[in-house]
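2 protein chains.
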Amino acid sequence: MLVKDTELIVSSMFTAVILWMDDSELTQGKNFLVKIGTKLISAAVMDIKYRIDIHTGEHLAATRLYKNEIAVCDIAAAEEIVYDTFQKHKGAGSFILIDRVTNMTSACGVVEHSLRRSENIVWQKLDITREIRAGRMGQKPLTLWFTGLSGSGKSALANELEKRLSVAGRYTMLLDGDNIRMGLNKNLGFEPEDRIENIRRIAEVARLMNDAGLIVLTAFISPFAGDRQNARNIVGETNFVEIYVSTPLEECERRDAKGLYQKAREGRIPNFTGISSPYEAPKNADIVIDTSRQSLEESADLVLQALEKYM
Amino acid sequence: MLVKDTELIVSSMFTAVILWMDDSELTQGKNFLVKIGTKLISAAVMDIKYRIDIHTGEHLAATRLYKNEIAVCDIAAAEEIVYDTFQKHKGAGSFILIDRVTNMTSACGVVEHSLRRSENIVWQKLDITREIRAGRMGQKPLTLWFTGLSGSGKSALANELEKRLSVAGRYTMLLDGDNIRMGLNKNLGFEPEDRIENIRRIAEVARLMNDAGLIVLTAFISPFAGDRQNARNIVGETNFVEIYVSTPLEECERRDAKGLYQKAREGRIPNFTGISSPYEAPKNADIVIDTSRQSLEESADLVLQALEKYM
Numbered sequence: 046m047l048v049k050d051t052e053l054i055v056s057s058m059f060t061a062v063i064l065w066m067d068d069s070e071l072t073q074g075k076n077f078l079v080k081i082g083t084k085l086i087s088a089a090v091m092d093i094k095y096r097i098d099i100h101t102g103e104h105l106a107a108t109r110l111y112k113n114e115i116a117v118c119d120i121a122a123a124e125e126i127v128y129d130t131f132q133k134h135k136g137a138g139s140f141i142l143i144d145r146v147t148n149m150t151s152a153c154g155v156v157e158h159s160l161r162r163s164e165n166i167v168w169q170k171l172d173i174t175r176e177i178r179a180g181r182m183g184q185k186p187l188t189l190w191f192t193g194l195s196g197s198g199k200s201a202l203a204n205e206l207e208k209r210l211s212v213a214g215r216y217t218m219l220l221d222g223d224n225i226r227m228g229l230n231k232n233l234g235f236e237p238e239d240r241i242e243n244i245r246r247i248a249e250v251a252r253l254m255n256d257a258g259l260i261v262l263t264a265f266i267s268p269f270a271g272d273r274q275n276a277r278n279i280v281g282e283t284n285f286v287e288i289y290v291s292t293p294l295e296e297c298e299r300r301d302a303k304g305l306y307q308k309a310r311e312g313r314i315p316n317f318t319g320i321s322s323p324y325e326a327p328k329n330a331d332i333v334i335d336t337s338r339q340s341l342e343e344s345a346d347l348v349l350q351a352l353e354k355y356m
Numbered sequence: 046m047l048v049k050d051t052e053l054i055v056s057s058m059f060t061a062v063i064l065w066m067d068d069s070e071l072t073q074g075k076n077f078l079v080k081i082g083t084k085l086i087s088a089a090v091m092d093i094k095y096r097i098d099i100h101t102g103e104h105l106a107a108t109r110l111y112k113n114e115i116a117v118c119d120i121a122a123a124e125e126i127v128y129d130t131f132q133k134h135k136g137a138g139s140f141i142l143i144d145r146v147t148n149m150t151s152a153c154g155v156v157e158h159s160l161r162r163s164e165n166i167v168w169q170k171l172d173i174t175r176e177i178r179a180g181r182m183g184q185k186p187l188t189l190w191f192t193g194l195s196g197s198g199k200s201a202l203a204n205e206l207e208k209r210l211s212v213a214g215r216y217t218m219l220l221d222g223d224n225i226r227m228g229l230n231k232n233l234g235f236e237p238e239d240r241i242e243n244i245r246r247i248a249e250v251a252r253l254m255n256d257a258g259l260i261v262l263t264a265f266i267s268p269f270a271g272d273r274q275n276a277r278n279i280v281g282e283t284n285f286v287e288i289y290v291s292t293p294l295e296e297c298e299r300r301d302a303k304g305l306y307q308k309a310r311e312g313r314i315p316n317f318t319g320i321s322s323p324y325e326a327p328k329n330a331d332i333v334i335d336t337s338r339q340s341l342e343e344s345a346d347l348v349l350q351a352l353e354k355y356m
């Protein structure tokens, strides 16, 4: 069947009936590639309007869709596309949604009607939320909070973990002394109140990065149980994983890569954790790892294994 | 040809010769799906060892690869895979690298030799850098710094922009009063030094988020030119885009959605920008937009168009 060009619709938003075919659920705001006509472009399901009961035809409220469910959704494409309603033209009115990561067809659908700009309530209604950002990255945002003495291997382990997670396709960010003390916290000293504020700001940034969908790794001594509890409260219990790098003081002091322990023993660094200032070891850390018992790689293996249940 | 199982290699890292076929360049750390034998898993090019001159066979130093170049690389997979060297077994020793976003075949390659754990220098050498994180997301990290009077439409415009960018497949984060004043900056008041520190911390967080690969949108009045220049210095010139929402004071006051202008006029809010405290309008903003002249959607269209050259 030939269709006159003038009958086609040019718009970047439309309402559609979709059949959701993916094992994972559909959440609002999720981003896809949409294949419609000959075009393949970015699009997002901005709003699930209602689900249709396939037995009764009833309209049911829904904010997410599970496999084999049918629903009416508003879809926004990244640019204007030419299409038609399915009723008028089967070819130009049907589409598929392709998962950007797995490249599998997640849904097929037919266009019900276009959403003109003037009736564009979809965009107004839906903000880009934490859930949408995490959904885009296909991961659960987590803050992996490494704590342990200077020289315990926190940074090396966090670094190694970040590489492993990155190779596995995760989106990550590492916060450590290098990028925090010289930047965000450069106006803080080492007095008790500064140390509390130091940890508080790091936790706030970790939370913001979780909001952005990222898996955050932090590598700071964070010696005080109260500060770590505060960090857990800020980040939120379900996203916070405390990893205690429990390498014994003797081993840390033996390594003394930066010569800090020696200086501390000579009294040249006041308030040095483990020497002249206490380290309050976590009593209920989510993961405990002693890096003196195996190689960095083996330690990373163990932590990665223990992390699985949080991912 | 049949191969005895005992001859195959089980490892997660190997050195390979690859032919790069993608229009975009290959950078170290880039993440792919590798198809080797019957397996399809996550992997990253951890190190480009050298490029091979196809005419002379010479080994050339290279940190990135362009289309049709041949190079020797170290590749790390997310889990152990069974394979063989190409020399011994053509089928089990060849692979392709598939782009995670476009799902196109970016490279084909043959395994030279396995990298045993003990000789694993690859991981140690390469940290996950800003470039790698941005490469993973397939975008240039940017900080879109919106500035303008209260009620000028900064937040609405930043919100709208974030939706558009998200639908277009970008990874974004919006920093605004809601998530900053209640969190990171809750210990700051509205005195001049607090205002400076407020903007400084936001810029530092934006920089960290750029390090994570994200496109960051910030929506704060940021009335002082000096603070904005400081933010630009922190974020870095090449990643900073200042967007001046130039809606005139009369229009902002007319809207007065939160009733703030009225309170300020009554003297109930001291130091209110535009009434009892100055707004230093940007003289050289990268993008200027007056939201009183067109709808939110049209404004967003204009900004998005102007943004193209920065992306």
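Protein sequences appear in the order of chains A and B. Quick note on our numbering: the first sequence kicks off at 46 and runs consecutively. Quick note on our numbering: the second sequence kicks off at 46 and runs consecutively. Beta carbons: idealized from backbone N, C-alpha and C, even for Gly. Remember, it's a predicted structure, so these values are computed and weren't measured experimentally.
Secondary structure at residue 222 of chain A, three-state DSSP: helix, strand or coil? helix
Comparing the C-beta of residue 356 of chain A with each C-beta of chain B, is any distance below 8 angstroms? no
What ranges does the beta strand (DSSP E) occupy inside the region 109 to 155 of chain A, keeping only unbroken runs of at least 3 residues that lie completely in it? 115 to 128, 139 to 144
In whole angstroms, what separates the C-alpha of residue 146 of chain A from that of residue 146 of chain B? 6 angstroms
On the three-state DSSP scale, how would you describe residue 352 of chain A? helix
Give me the Cα-Cα distance between residue 167 of chain B and residue 119 of chain B, rounded to the nearest whole angstrom. Any reading at residue 167 of chain B must be qualified, since the residue scores a pLDDT of 47, below 50, and its modelled position is unreliable; no value is offered.
Best match in A:298, A:250, A:217 for proximity to residue 258 of chain B [C-alpha to C-alpha]: A:217
Ranges of the beta strand (DSSP E) found wholly within the region 243 to 325 of chain A, counting only runs of at least 3: 260 to 264, 285 to 290
Check for me: the beta strand (DSSP E) holding residue 215 of chain A runs from which residue to which? Run containing residue 215 of chain A: none; DSSP gives neither H nor E here.
Just to confirm before moving on: does the CB-CB distance between residue 279 of chain A and residue 248 of chain A stay below 8 angstroms? yes
If you compare alpha carbons, which of B:155, B:290, B:187, B:230 is closest to residue 281 of chain B? B:187
Going by alpha carbons, who is nearest to residue 292 of chain B out of B:195, B:271, B:174, B:91? B:195
Counting C-beta neighbours from all protein chains within 10 Å, is the total for residue 108 of chain A 16 or more, i.e. buried, or is it exposed? exposed
Applying the criterion that 16 or more other CB atoms from any shown protein chain within 10 Å of the CB defines a buried residue, is residue 106 of chain B buried or exposed? exposed
Nearest to residue 83 of chain B by alpha carbon, out of B:72, B:304, B:270, B:127? B:127
For residue 198 of chain B, which residues of its own chain have a beta-carbon under 8 angstroms away from its beta-carbon, when the five flanking residues on both sides are left out? 290, 292, 336, 341, 344
DSSP state of residue 231 of chain A, grouped into three classes? coil
Give the DSSP bridge partners of residue 84 of chain B, in chain order. B:81
Residue from B:307, B:185, B:316 whose Cα sits closest to the Cα of residue 354 of chain B: B:185
Which same chain residues end up closer than 7 angstroms to residue 173 of chain B when comparing Cβ atoms and leaving out the 5 residues on each side of it in sequence? 74
The region 202 to 217 of chain A contacting the region 304 to 311 of chain A, beta-carbon criterion three pairs below 8 angstroms: no
Does DSSP put residue 346 of chain A in a helix, a strand or coil? helix
Is residue 272 of chain A close to chain B, meaning its C-beta is less than 8 angstroms from at least one C-beta of that chain? no
Taking its Cβ as the centre, do 16 or more other Cβ atoms sit within 10 Å of residue 284 of chain B, making it buried, or is it exposed? buried
Under 8 angstroms from the C-beta of residue 173 of chain A: neighbouring residues of chain B: 204, 207, 208, 211, 217, 219
DSSP three-state call for residue 160 of chain B: helix, strand or coil? coil
Buried versus exposed call for residue 130 of chain B [16 or more other C-beta atoms within 10 Å across all chains shown]: buried
Anything in chain B within Cβ reach of residue 256 of chain A, meaning under 8 angstroms, just list it in chain order. 218, 224
Those residues which DSSP pairs with residue 60 of chain A across a bridge: A:119, A:158
Taking the continuous beta strand (DSSP E) assigned at residue 332 of chain A, which residues delimit it? 332 to 334
Could you give the first and the last residue of the continuous beta strand (DSSP E) run that contains residue 192 of chain B? 187 to 192
Around the Cβ of residue 58 of chain B, are there at least 16 other Cβ atoms within 10 angstroms (buried) or fewer (exposed)? buried
Using Cβ-Cβ distances below 7 angstroms, what residues of the region 240 to 253 of chain A are close to chain B? 246, 249, 250, 252, 253
Under a three-way DSSP split, which group does residue 96 of chain B fall into? strand
Member of A:298, A:97, A:192 whose CA lies at the smallest distance from the CA of residue 111 of chain A: A:97
Please tell me whether residue 298 of chain A and residue 330 of chain A are closer than 8 angstroms, where the distance is taken between their beta carbons. no
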